[in-house]
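Residue numbers (my numbering): 2 to 113.
Glycine residues also receive a C-beta, built at the ideal position from the N, C-alpha and C atoms.
Note that this is a predicted model, so its numbers are computed, not measured.
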């Protein structure tokens, strides 16, 4: 059985990766200008939405006996960038791997 929540979370994780790549340029340009705007807050907001969606996907994956690897990697990747944008690159790597596992939706080990 496939989980639509896993699929939509994987799509959001792709969007989150794009936003994290864009955040570097926005934050660096903001640092070299006056630095009074808080455009970085938008990227933190998107990242924390990713944490919530990955937690919900984790719940549904457990409920449907789907492997939770993608959801766990998504949670870790989102929390890392949610704590500091200094972790944006490791977050992107984790989120890309999470997307692959969330799209696969293999049965969990030991599931009937």
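- Here residue 58 is near residue 75, since their CB atoms are less than 9 Å apart.
- Using a C-beta cut-off of 8 Å, the stretch 86-98 makes contact with the stretch 15-35, since at least three inter-stretch Cβ pairs fall below that distance.
- Contact check for residue 14 and residue 100: beta-carbon distance about 5 Å, within the 8 Å limit, so the pair qualifies.
- Membership of residue 72 in the alpha helix (DSSP H) is indicated by the continuous run 70-84.
- Under the criterion of beta carbons closer than 8 Å, residue 106 and residue 10 do not qualify as touching, at roughly 11 Å.
- Taking C-beta atoms as the reference points, residue 67 and residue 3 count as a pair closer than 9 Å.
- By the criterion of a C-beta distance shorter than 8 Å, residue 110 is surrounded in its chain by 68, once the five residues flanking it on both sides are discounted.
- As computed with DSSP, residue 108 is found in a beta bridge with 67.
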